[in-house]
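Same order as they appear, the protein sequences are chains D and L.
So the first sequence is numbered by this note's numbering: it starts at 1 and just counts up by one.
So the second sequence is numbered by this note's numbering: it starts at 229 and just counts up by one.
Even for Gly, the Cβ is constructed at its ideal location relative to N, Cα and C.
Predicted model, so just to flag it, every value in this text is computed and none were measured.
Number of protein chains: 2
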Amino acid sequence: MFTDVDGRALADFPRPSVAVDTALMTVIPATHDTLARLGVLLVRRPPQSVGAAAGWALPGTFLHEGETLAEAVRRSLEVKAGVTGREPQQLHVFDDPARDDRGWVLSVAHLDVLSFVDLELLRKPANSRIVALPSRLRLPYDHLAIIDLATERLRREYRAHPDPRRLLHESFTIADLRAVHEAVAGRELQKDTFRRLMIDELESLPAAAEGRRGRPAQLFGRSARHAE
Amino acid sequence: MFTDVDGRALADFPRPSVAVDTALMTVIPATHDTLARLGVLLVRRPPQSVGAAAGWALPGTFLHEGETLAEAVRRSLEVKAGVTGREPQQLHVFDDPARDDRGWVLSVAHLDVLSFVDLELLRKPANSRIVALPSRLRLPYDHLAIIDLATERLRREYRAHPDPRRLLHESFTIADLRAVHEAVAGRELQKDTFRRLMIDELESLPAAAEGRRGRPAQLFGRSARHAE
DNA sequence: ATCAATTAGATCAAAATTGCGCTAATAAGG
DNA sequence: CCTTATTAGCGCAATTTTGATCTAATTGAT
Numbered sequence: 001m002f003t004d005v006d007g008r009a010l011a012d013f014p015r016p017s018v019a020v021d022t023a024l025m026t027v028i029p030a031t032h033d034t035l036a037r038l039g040v041l042l043v044r045r046p047p048q049s050v051g052a053a054a055g056w057a058l059p060g061t062f063l064h065e066g067e068t069l070a071e072a073v074r075r076s077l078e079v080k081a082g083v084t085g086r087e088p089q090q091l092h093v094f095d096d097p098a099r100d101d102r103g104w105v106l107s108v109a110h111l112d113v114l115s116f117v118d119l120e121l122l123r124k125p126a127n128s129r130i131v132a133l134p135s136r137l138r139l140p141y142d143h144l145a146i147i148d149l150a151t152e153r154l155r156r157e158y159r160a161h162p163d164p165r166r167l168l169h170e171s172f173t174i175a176d177l178r179a180v181h182e183a184v185a186g187r188e189l190q191k192d193t194f195r196r197l198m199i200d201e202l203e204s205l206p207a208a209a210e211g212r213r214g215r216p217a218q219l220f221g222r223s224a225r226h227a228e
Numbered sequence: 229m230f231t232d233v234d235g236r237a238l239a240d241f242p243r244p245s246v247a248v249d250t251a252l253m254t255v256i257p258a259t260h261d262t263l264a265r266l267g268v269l270l271v272r273r274p275p276q277s278v279g280a281a282a283g284w285a286l287p288g289t290f291l292h293e294g295e296t297l298a299e300a301v302r303r304s305l306e307v308k309a310g311v312t313g314r315e316p317q318q319l320h321v322f323d324d325p326a327r328d329d330r331g332w333v334l335s336v337a338h339l340d341v342l343s344f345v346d347l348e349l350l351r352k353p354a355n356s357r358i359v360a361l362p363s364r365l366r367l368p369y370d371h372l373a374i375i376d377l378a379t380e381r382l383r384r385e386y387r388a389h390p391d392p393r394r395l396l397h398e399s400f401t402i403a404d405l406r407a408v409h410e411a412v413a414g415r416e417l418q419k420d421t422f423r424r425l426m427i428d429e430l431e432s433l434p435a436a437a438e439g440r441r442g443r444p445a446q447l448f449g450r451s452a453r454h455a456e
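The following block contains the structure:
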């Protein structure tokens, strides 16, 4: 076992518990009277949670030995919400030594994104819910701050590229794409400007008649040369 | 002591050691035959370091109980290099369970910035050096990746605001400012475009004759309304 | 075949941005 | 006082970007 200059091993020093928390973001589809908007997955806290920890929270877990932060995130999303196959991105480490009543805990906040349809297919409805943003729910710890960071990060990514986090499936129209981008941005985007910004990173697919009047909208896939 | 659903306390679970590593960046001033350029502070590894860990590295330390990551960064900069009074910013957590021979260690990479003059005044020359970037030195762990992340982050901040990390002192000319921005950007900037982008966030100060021929350059301070 | 509905995207004017040449202002040197 | 050196920043043309209007293309309904 390695020792430091004082002759002590790492294990001799107090160490924090390390938790991961994840803002798993999605776009809640438009209804007849609402626009599409950002949402986040929350999970139900265990029944013995008390005080501010009661109710709902972002999915999270403690880091286990031998796993990476991303592996811990995936485990927490699967166990807590039934969601698999994610690629989370780190946001920030919340490190106030007094932030958790249970002891010294660092929390590494993450962002991940999944389409609403896939999320609805995967998640366990008994233990989880999708909440539209901004939300007025009270959440424990730094979870509101995590959601804000995640929103900012996602908005920045979507400013630069067409649907970088694959909220849309394999083929979509420019109107579909713009609706998703408007949901992420939280504001309306000008259709011509939007089209010009995105078109170079899109690949035209054969248009398909939609079974309704009017010229069928061009279908697009992502350009292979701009794979994330 | 709090327990989880399995009845065990946090202390019952293996926990990682958490380290902090910092890219303390500066701008190395121009000489008669070089342009100003980015540099980073390295510290000498302890003599018993072997293999890849020998030689030079970014300053770092293990997180002690009861301190925040920023406090640990400050402690490491002071102890290792004699540098005080910093406000580090988190970059990324390096979490490969096998990344350190000594055991399970997470490293939280940070960025901080200090003017060359102040850094030269503070640092211990015996234990530290400032290395121009890009550097061809071999560094241990993820230190090259940390420097790359720090460089990107700094470039992004400098794109948007005049000298956000206060590399310049209280008053400066537009030429001084542009030289610093060019050092950070790693490329030449067009003087009129640069001036137009920055001028609104600058506050004119009375010009002072410079003791050399020609119209004295306008002096600026940072506009109070755009305080970081 | 004609009409209505819907989309694609060209065209255009306006606005914004860029970079260069140049002059006025202001200093020190002679 | 004149000359040289240096900076500030204006004026301008070129380029880029934006957003609106409008027409052509293409569908389903009649």
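Residue-level contact to chain L via CB, residue i, 8 Å cutoff
i: D:H181; result: no
i: D:S17; result: yes
i: D:D21; result: no
i: D:D96; result: yes
i: D:L149; result: no
i: D:L63; result: yes
i: D:L106; result: yes
i: D:E228; result: Interpretation of D:E228 is limited by its pLDDT of 43, a score under 50 that renders its predicted location unreliable; the figure taken from the coordinates is listed afterwards. Closer than 8 Å: no.
i: D:P216; result: no
8 Å Cβ cutoff, residue i in contact with chain D
i: L:P390; result: no
i: L:E295; result: yes
i: L:V321; result: yes
i: L:V271; result: no
i: L:Q318; result: yes
i: L:P242; result: yes
i: L:L286; result: no
i: L:F400; result: no
i: L:V301; result: no
Nonlocal neighbours in the same chain, by C-beta distance under 6 Å from residue i, ignoring five residues either side
i: L:D324; result: none
i: L:E385; result: P392
i: D:Q89; result: L111
i: L:A326; result: none
Beta-carbon proximity list for residue i, same chain, < 7 Å, skipping 5 on both sides
i: D:R75; result: T61
i: L:G449; result: E398, S399, E431 and L433
i: D:R215; result: none
i: D:L16; result: According to the sequence as given, residue 16 of chain D is Pro; it is not Leu. Answer for D:P16: W104, V105 and L106, listed in chain order.
i: D:D163; result: L177 and V180
Residue range of the unbroken alpha helix (DSSP H) whose run includes residue i
i: D:I28; result: Counting along the chain, D:I28 falls outside any alpha helix (DSSP H), though it belongs to the beta strand (DSSP E) covering S17 to I28.
i: L:T421; result: K419 to M426
i: L:L405; result: I402 to A413
Residue i, enclosing beta strand (DSSP E) - first and last residue
i: L:E431; result: L430 to L433
i: D:L63; result: Counting along the chain, D:L63 falls outside any beta strand (DSSP E), and DSSP gives it neither H nor E.
i: D:L219; result: L219 to R222
i: D:R44; result: R37 to R44
Residue i: CB within 7 Å of a non-hydrogen atom of the ligand GDP
i: D:R195; result: Annotation note on the ligand GDP: not contained in the displayed structure, which lists no ligands.
Sequence-distant residues of its chain with Cβ nearer than 8 Å to residue i (five each side left out)
i: D:S135; result: V40 and I147
i: D:L219; result: S171, F172, T173, S204, L205, P206, A207 and A208
Does the region 59-69 of chain D come close enough to the region 151-158 of chain D to have 3 or more Cβ pairs within less than 8 Å? no
Only counting runs of 3 or more residues, tell me where the beta strand (DSSP E) segments fall wholly within the region 297-385 of chain L, in order along the chain. 317-322, 333-341 and 356-360
Cβ contact (3+ pairs, closer than 8 Å) linking the region 15-32 of chain D and the region 99-116 of chain D: yes
Quick check: the region 70-86 of chain D against the region 261-273 of chain L, are at least 3 beta-carbon pairs closer than 8 Å? no
Validate contact between the region 186-197 of chain D and the region 207-219 of chain D using beta carbons, cut 8 Å, 3 pairs: Judged by Cβ distances under 8 Å, the region 186-197 of chain D makes no contact with the region 207-219 of chain D, as fewer than three pairs qualify.
I want to know whether the region 305-322 of chain L touches the region 350-359 of chain L - three or more CB-CB distances under 8 Å. yes
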